[in-house]
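Report on the following structure.
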Amino acid sequence: MNTKELRPGEAWVQACDGSKNMLLQLVSGTAGFCISNTAPAQDMPYHPMPPDALIPVTTPTKVWVRSTRSYKKDTVIIASETE
85 MNTKELRPGE AWVQACDGSK NMLLQLVSGT AGFCISNTAP AQDMPYHPMP PDALIPVTTP
145 TKVWVRSTRS YKKDTVIIAS ETE
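Read left to right, the sequence shown gives residues 85 to 167 (this note's numbering).
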């Protein structure tokens, strides 16, 4: 299993490319996520990420994340491949 740390800013960052089942977890800050095949527009509606909750993502879903606050750069999301 591969695990990576994401530190998104206000721009959308792809957390899941749809090729593997994944777990996402917001461990610091505040963030939103959306499902899209391509990079979402900056004003795309999003779901707020609940802190510390594990969010399972299955193939072929492509998930994009971003920080929802601009005044503090402390958003951290852990993304792990599952088997």
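Just so you know, even glycine gets a beta-carbon here, dropped at the ideal spot from N, CA and C.
Inter-residue spacing [alpha-carbon to alpha-carbon] between residue i and residue j
| i | j | result |
| --- | --- | --- |
| residue 156 | residue 113 | 8 angstroms |
| residue 153 | residue 117 | 13 angstroms |
| residue 95 | residue 86 | 24 angstroms |
| residue 99 | residue 146 | 8 angstroms |
| residue 89 | residue 106 | 13 angstroms |
| residue 119 | residue 135 | 19 angstroms |
| residue 167 | residue 126 | 32 angstroms |
| residue 109 | residue 149 | 11 angstroms |
Residue i: first and last residue of the uninterrupted beta strand (DSSP E) it sits in
| i | result |
| --- | --- |
| residue 148 | 147–151 |
| residue 88 | 87–90 |
| residue 125 | Per DSSP, residue 125 belongs to no beta strand (DSSP E) and is neither H nor E. |
| residue 165 | 160–165 |
As assigned by DSSP and simplified to three states, the class of residue i
| i | result |
| --- | --- |
| residue 106 | strand |
| residue 135 | strand |
| residue 94 | coil |
Residue i, buried or exposed, once every other Cβ within 10 Å from all chains shown has been counted against 16
| i | result |
| --- | --- |
| residue 128 | exposed |
| residue 141 | buried |
| residue 159 | buried |
| residue 92 | buried |
| residue 151 | buried |
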